[in-house]
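The block underneath contains the structure these notes are about, expressed in structure tokens.
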Amino acid sequence: MLRFLFDEPMREAQGTLADTFRLMEQFISILSHKNAADADSGDKENKLHKYEIWTLGLSSSLDELEQSHYAALKFQHQITSTSLSQMTEEERINYNRYIYFDKNAFIRVFSLLDKLGTLLNELLDMETEQIKAHFSYFTVLRNMREKRAHPELTWKLNDVKEKYKESMNRLRKRRNTEIHYMNSEMQDDLIQSNRMYGAVVPLENIAEQSADLTQGLYLAMESLLLTFQYACGLMRNKQP
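Mapped onto numbering that gives the first Met the number 0, the consecutive letters of the sequence shown carry residue numbers 0 to 239.
Pasting the structure below:
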């Protein structure tokens with residue numbers, strides 16, 4: 000979708016990204032067949048249809064996240080100056096584009112995960128809403144751990160969470176700053192200017208930010224992959 004900005008052809012998903020899309024499509028296909036074969040047209044069918052719609056939404060969210068991540072990295076690699084004052088007009092435009100797509104992407108990481116949490120909570124009958132009315136993916140995962148529910152999935156998802164923990168903590172801090180306080184890049188500028196008042200203010204570490212964003216994308220992909228591997232088996236084995 001966004002590759003056209005760089006005169007590139009549309010993306011062909013490969014590796015983990017392709018496997019994740021394939022599993023989501025497989026889950027939708029299983030749901031569709033179950034719906035078609037189900038003689039009942041009541042709550043069961045509605046629930047399966049809801050899972051189908053939610054999965055389509057997750058597939059779109061992953062596509063949008065990957066595209067935003069790609070665009071952010073492309074613009075980040077076009078920035079060579081170490082401060083705003085050193086930038087040419089063209090580089091400043093690329094920097095602003097980097098900020099836009101980076102911000103778009105790190106917010107989408109958490110949005111996607113929360114959608115995944117909603118699906119997991121209902122699909123696995125976790126009832127996390129009884130613990131916290133407005134819960135996140137990480138709240139659902141904690142609930143799964145504490146209840147020792149679906150251990151084949153729970154501990155794999157937990158391992159993925161732990162693998163990317165440091166990067167996700169930094170992304171979460173930036174997301175919270177962006178949503179609740181001020182633009183996250185301006186927060187970085189404020190910190191730097193307070194430390195170096197009157198001096199040239201260096202840019203935030205955009206290479207580290209991009210690395211964290213990549214880790215966030217990997218966490219989202221790997222969590223989706225594990226979830227839909229499990230969900231496909233669960234739905235196949237479920238009695239009509």
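Using N, Cα and C, we set each Cβ at its ideal position, and we do this for glycine too.
Remember, it's a predicted structure, so these values are computed and weren't measured experimentally.
Handout entry: Identity of the residue in Tyr-50, Asp-124, Phe-100 and Ser-80 nearest Thr-213 by Cα
Key = Phe-100
Handout entry: Inter-residue spacing [alpha-carbon to alpha-carbon] between Leu-47 and Phe-20
Key = 19 Å
Problem - Unbroken alpha helix (DSSP H) run spanning Asp-124, endpoints - result: Segment: none, Asp-124 is in no alpha helix (DSSP H) and carries neither H nor E.
Handout entry: For Lys-114 and Thr-54, the rounded distance between their alpha carbons
Key = 9 Å
Problem - Any alpha helix (DSSP H) of 4 or more consecutive residues that is wholly inside the stretch 72-150 - result: 88-122 and 136-146
Practice task
Take every Cβ of the stretch 128-146, pair it with every Cβ of the stretch 86-103, and state whether three or more of those distances are shorter than 8 Å.
Solution key: no
Handout entry: Environment of Gly-232 [buried if 16+ CB atoms lie within 10 Å]
Key = exposed
Handout entry: Whether Leu-111 touches Ser-60 by CB criterion (8 Å)
Key = yes
Exercise for the section: Starting from the C-beta of Glu-65, find all residues in its chain whose C-beta is less than 7 Å away, skip the five residues before and the five after it, and write them out in chain order. Expected result: Leu-16 and Leu-216
Practice task
For Ile-205, count neighbouring C-beta atoms within 10 Å of its own C-beta (all shown protein chains included) and say buried if the count is 16 or more, exposed if not.
Solution key: buried
Handout entry: Coil, strand or helix - Val-199 by DSSP
Key = Note that Val-199 has pLDDT 47, beneath the 50 cutoff, so the model's placement of it is unreliable and the number below is only indicative. Of the three classes helix, strand and coil, the one that applies to Val-199 here is coil, per DSSP.
Exercise for the section: Whole angstroms is fine: what's the gap from Arg-91's alpha carbon to Phe-74's? Expected result: 11 Å
Practice task
Just the C-alpha distance for Val-108 and Arg-171, rounded to the nearest angstrom, thanks.
Solution key: 10 Å
Exercise for the section: Quick one: which unbroken beta strand (DSSP E) runs of 3-plus residues sit fully inside the stretch 6-65? Chain order, please. Expected result: none
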